[in-house]
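Protein chains: 2
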Amino acid sequence: MISQVTIIAPGLLGASLGKALHANQLAERITIWARRAETRLDAADQDWCHNAAETPECAVAGARIVVICTPVEAIAPMVARIAAHLPDDAIVTDVGSTKSLIARVCTQTLQATAATFVGSHPMAGSEKTGMRNADADLFRGKPCLVTPLPETSEPAVRAVVAFWRNLGMEVASLNPEKHDEIVAHVSHLPHVLASVLSAQLGTRDASWRHFSGNGLADTTRIAAGSPALWKSILEQNREEVLRALDGFDTELQSLRSALANEDWFTVLNLLERGKAFRDKLTPVRRDGGPEHTP
Amino acid sequence: MISQVTIIAPGLLGASLGKALHANQLAERITIWARRAETRLDAADQDWCHNAAETPECAVAGARIVVICTPVEAIAPMVARIAAHLPDDAIVTDVGSTKSLIARVCTQTLQATAATFVGSHPMAGSEKTGMRNADADLFRGKPCLVTPLPETSEPAVRAVVAFWRNLGMEVASLNPEKHDEIVAHVSHLPHVLASVLSAQLGTRDASWRHFSGNGLADTTRIAAGSPALWKSILEQNREEVLRALDGFDTELQSLRSALANEDWFTVLNLLERGKAFRDKLTPVRRDGGPEHTP
Numbered sequence: 341m342i343s344q345v346t347i348i349a350p351g352l353l354g355a356s357l358g359k360a361l362h363a364n365q366l367a368e369r370i371t372i373w374a375r376r377a378e379t380r381l382d383a384a385d386q387d388w389c390h391n392a393a394e395t396p397e398c399a400v401a402g403a404r405i406v407v408i409c410t411p412v413e414a415i416a417p418m419v420a421r422i423a424a425h426l427p428d429d430a431i432v433t434d435v436g437s438t439k440s441l442i443a444r445v446c447t448q449t450l451q452a453t454a455a456t457f458v459g460s461h462p463m464a465g466s467e468k469t470g471m472r473n474a475d476a477d478l479f480r481g482k483p484c485l486v487t488p489l490p491e492t493s494e495p496a497v498r499a500v501v502a503f504w505r506n507l508g509m510e511v512a513s514l515n516p517e518k519h520d521e522i523v524a525h526v527s528h529l530p531h532v533l534a535s536v537l538s539a540q541l542g543t544r545d546a547s548w549r550h551f552s553g554n555g556l557a558d559t560t561r562i563a564a565g566s567p568a569l570w571k572s573i574l575e576q577n578r579e580e581v582l583r584a585l586d587g588f589d590t591e592l593q594s595l596r597s598a599l600a601n602e603d604w605f606t607v608l609n610l611l612e613r614g615k616a617f618r619d620k621l622t623p624v625r626r627d628g629g630p631e632h633t634p
Numbered sequence: 341m342i343s344q345v346t347i348i349a350p351g352l353l354g355a356s357l358g359k360a361l362h363a364n365q366l367a368e369r370i371t372i373w374a375r376r377a378e379t380r381l382d383a384a385d386q387d388w389c390h391n392a393a394e395t396p397e398c399a400v401a402g403a404r405i406v407v408i409c410t411p412v413e414a415i416a417p418m419v420a421r422i423a424a425h426l427p428d429d430a431i432v433t434d435v436g437s438t439k440s441l442i443a444r445v446c447t448q449t450l451q452a453t454a455a456t457f458v459g460s461h462p463m464a465g466s467e468k469t470g471m472r473n474a475d476a477d478l479f480r481g482k483p484c485l486v487t488p489l490p491e492t493s494e495p496a497v498r499a500v501v502a503f504w505r506n507l508g509m510e511v512a513s514l515n516p517e518k519h520d521e522i523v524a525h526v527s528h529l530p531h532v533l534a535s536v537l538s539a540q541l542g543t544r545d546a547s548w549r550h551f552s553g554n555g556l557a558d559t560t561r562i563a564a565g566s567p568a569l570w571k572s573i574l575e576q577n578r579e580e581v582l583r584a585l586d587g588f589d590t591e592l593q594s595l596r597s598a599l600a601n602e603d604w605f606t607v608l609n610l611l612e613r614g615k616a617f618r619d620k621l622t623p624v625r626r627d628g629g630p631e632h633t634p
């Protein structure tokens, strides 16, 4: 059992984490800090929350593990803010969906302390947000990527891997650059395409949407996500997203040429390759519920 | 009540049509023809099917309305095959998801006869296929586009509009070129993008798919559709699909430049426009069941 877990900025993910730690008796004490006083009061009312601190500096006092659940652009500033207040040997992790920049900056920030940063990306977000949608089972069966740097202390990495695994997650460890390359392709690129398609159709006659079906609805569903949140993700992972876009563009231009030249062999081949990939996508999380993080 | 409806090639749509006509007592007699003898035998066993003819020429004898339910590339050849055997004043329609080429060729084919062609696109397909998934309620509440040419006889158009409306469909009438432009954007373009994204991801490390979530699963779902069927649709609607791709590409390149130049105002604006369109997509057919035709 972990003596104290501190959750900074408990929204859907952070509050679900608190509930899950409590339900599985994994932490003796759970402390939170939230920017809004109302959220702190709400949290203090819940059975999983033992202490809602007034400041992040106070919240990390006594913590064995600190989990930063802010939007991606606020993670490194928060680590800088709490650095001097962390107990010796504390481990700081996060739930951000980009990792390269965060891992580098936060590791550097904590170099002068006896605490360690180990980045995490639990892939258990939802289109729902906020503490009131929190769910103790949010993490169960979902993938979690833990992204140490080469110099990160082994025991700290093992502790973070165990932390998520104890919540039922399927944990893999890989370097932050590889993480960002993968999510640029399997998460950020699909989001960008859904947004571009939706934005483009938004320039057309408004009546057209009445003639669309579930195909368009599914293809564009993630475009309904928060623009501010996604802008931050694209900012943090700009270079990898650009590379993923280039790969997509090469394939798209090849299909476009094939259509223009009536090269139906190439068109059919692309449709078949697309089907082959889609048919193999494991439906592990097709439970009708949560979707991919952010 | 219609004296006789003949359904050529009853798969999911055609057999659902037979069931729906029977359940709503809209036809005195329903005759079918299917290419495979086994399908003809299966149909003959069902209470909605009064006659499973041995040839399409025999199947149309006595028909008031003939509905061609073959894949799009086989519709015009089938109309040519049955033309000389159609009763006077018979109306021929179809369920194809492209309309321009089909309406032009089929109208010309029937010019020498006393029968009339009026194209239809009931948007009530599903990823399920075949007679055994047929559902008498498949059409209820879904859109249907009826696509007469300027010279098509008014009474025939009214009869086809009434035919689909009596099955509970929301029928709109528009010219075949406009139909093809709209579906190129709201159906064929999303399909192409889902296929290109899937094909592209299929070239990457096979382990990556384990790190994806419901976002990718939804965005690529339609890429699992039949490559042969979709190749035919792209063949029939090639020019409009190319135009829709151009519009998409303009928007994509503008986002790409904004990302490359760190022009976050433009990125945020595009994400916001995408969300605005998606938020307004009417969830009329989000019943977890059928999707867009084909």
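Protein chains in written order, with the working numbering: chain A, 341 to 634; chain B, 341 to 634. All C-beta atoms in this analysis are idealised placements derived from N, C-alpha and C, irrespective of residue type, glycine included.
For A:Met418, decide whether its Cβ has a neighbour in chain B, counting only Cβ atoms nearer than 8 Å.
It does not; no Cβ of chain B falls within 8 Å.
Who pairs with A:Trp604 in a beta bridge, going by DSSP?
Beta-bridge pairing links A:Trp604 to no other residue.
Between A:Thr433 and A:Val458, is the Cβ-Cβ spacing less than 8 Å?
Yes.
If we cut at 8 Å on Cβ distances, does B:Thr560 have a partner in chain A?
With 8 Å as the cut-off, B:Thr560 counts as an interface residue toward chain A.
By Cβ distance, which residues of its chain are closer than 7 Å to A:Ala454, with the 5 residues on each side in sequence left out?
Counting only Cβ-Cβ distances below 7 Å, and skipping sequence neighbours, we find Asp428, Asp429.
Helix, strand or coil for B:Gln451? Go by DSSP, reduced to three states.
If DSSP states are grouped into helix, strand and coil, B:Gln451 belongs with the helices.
Could you check if A:Pro516 is buried or exposed, using at least 16 other CB atoms within 10 Å of its CB as the buried criterion?
Label assigned to A:Pro516: buried.
What residue does the alpha helix (DSSP H) around A:Ser356 start on, and which one ends it?
Note, A:Ser356: alpha helix (DSSP H), 352-363.
Should the segment 505-524 of chain B be called in touch with the segment 567-583 of chain A, which here means at least 3 C-beta pairs below 8 Å?
Segment contact: the segment 505-524 of chain B against the segment 567-583 of chain A, fewer than three CB-CB distances shorter than 8 Å; contact not assigned.
First through last residue of the alpha helix (DSSP H) which encompasses A:Gln344:
No alpha helix (DSSP H) holds A:Gln344; DSSP gives it neither H nor E.
Please name the residue in B:Ala374, B:Trp604, B:Gln386, B:Arg596 whose C-alpha comes closest to that of B:Ala393.
Of the candidates B:Ala374, B:Trp604, B:Gln386, B:Arg596, the one whose C-alpha sits nearest the C-alpha of B:Ala393 is B:Ala374.
Under 8 Å by beta carbon: chain B residues contacting A:Asp682
Absent from the structure is residue 682 of chain A, since the part of chain A shown begins at 341 and ends at 634.
Assigned secondary structure, B:Phe457 (DSSP; H/G/I helix, E/B strand, else coil)
In this structure, B:Phe457 counts as strand in the three-state DSSP scheme.
Following a CB-centred definition, is A:Thr346 positioned closer than 7 Å to any heavy atom of the ligand PLP?
Absence of the ligand PLP from the depicted structure is noted, as is the absence of any ligand whatsoever, leaving it without description.
Grab me the residues of A:Gly553's own chain with a C-beta within less than 7 Å of its C-beta, minus the 5 sequence neighbours each way, in chain order.
Excluding residues up to 5 positions away in sequence, nothing lies with its Cβ nearer than 7 Å to the Cβ of A:Gly553 in the same chain.
C-alpha distance - B:Leu611 paired with A:Gln540, whole-angstrom precision:
Computed Cα separation, rounded: 11 Å.
Could you check where the alpha helix (DSSP H) with A:Ile562 kicks off and where it finishes?
DSSP places A:Ile562 outside any alpha helix (DSSP H), giving it a letter other than H or E.
Just the C-alpha distance for B:Val536 and A:Glu510, rounded to the nearest angstrom, thanks.
The C-alpha of A:Glu510 is placed about 29 Å away from the C-alpha of B:Val536.
Minimum Cβ-Cβ distance from B:Phe503 to chain A less than 8 Å
With 8 Å as the cut-off, B:Phe503 does not count as an interface residue toward chain A.
Any contact between the segment 365-374 of chain B and the segment 383-391 of chain B? By contact I mean 3 or more CB pairs, one from each, below 8 Å.
These segments touch.
Secondary structure at B:Trp388, three-state DSSP: helix, strand or coil?
If DSSP states are grouped into helix, strand and coil, B:Trp388 belongs with coil.
Closer than 7 Å at the beta carbon, the chain A residues around B:Arg544
Simply His525.
Which residues in the same chain as A:Leu533 place their Cβ atom closer than 8 Å to its Cβ, once the five residues preceding and following it in sequence are excluded?
The beta carbon of A:Leu533 sits closer than 8 Å to those of Phe588, all from its chain and outside the five residues before and after it, given in chain order.
Of the residues B:Thr492, B:Leu569, B:Leu485, B:Arg549, the one placed nearest A:Phe617, counting alpha carbons only:
Of the candidates B:Thr492, B:Leu569, B:Leu485, B:Arg549, the one whose C-alpha sits nearest the C-alpha of A:Phe617 is B:Arg549.
Taking the alpha-carbon positions, what's the A:Cys409 to A:Leu426 distance?
Taking the straight line joining both Cα atoms gives about 17 Å.
Assumed close pair B:Gln365, B:Arg404 - CB separation to whole angstroms, cut-off 8 Å
Actually they are not in contact, since the Cβ atoms of B:Gln365 and B:Arg404 sit about 15 Å apart, beyond 8 Å.
Check whether the Cβ atoms of A:Ser287 and B:Gly555 sit closer than 8 Å, and answer yes or no.
Only positions 341 to 634 of chain A appear in the structure, and residue 287 of chain A is not among them; the question remains open.
Under 8 Å, Cβ to Cβ, is there at least one residue of chain B near A:Met463?
Chain B places a beta carbon closer than 8 Å to that of A:Met463, counting this residue as a contact.
Which first and last residues belong to the beta strand (DSSP E) in which B:Glu368 is found?
Taken as a continuous stretch (DSSP letters only), the beta strand (DSSP E) holding B:Glu368 covers 367-373.
Starting from B:Glu510, follow the beta strand (DSSP E) in both directions and report where the run begins and ends.
510-513 is the extent of the beta strand (DSSP E) around B:Glu510.
Quick check on A:Val435: does DSSP put it in helix, strand or coil?
DSSP places A:Val435 in coil when its eight states are reduced to three.
Taking DSSP as the reference, what is the three-state secondary structure of B:Pro462?
Reduced to three states, the DSSP call for B:Pro462 is strand.
B:Cys398, enclosing alpha helix (DSSP H) - first and last residue:
Counting along the chain, the unbroken alpha helix (DSSP H) around B:Cys398 starts and ends at 396-399.
Which residues of chain A have a Cβ atom closer than 9 Å to the Cβ of B:Phe479, listed in chain order?
For B:Phe479, none of the residues of chain A pass the 9 Å Cβ criterion, the least Cβ distance being about 13 Å.
Residue span of the beta strand (DSSP E) that contains B:Val486, given as start and end:
Looking at the DSSP string, the run of the beta strand (DSSP E) that includes B:Val486 is 483-487.
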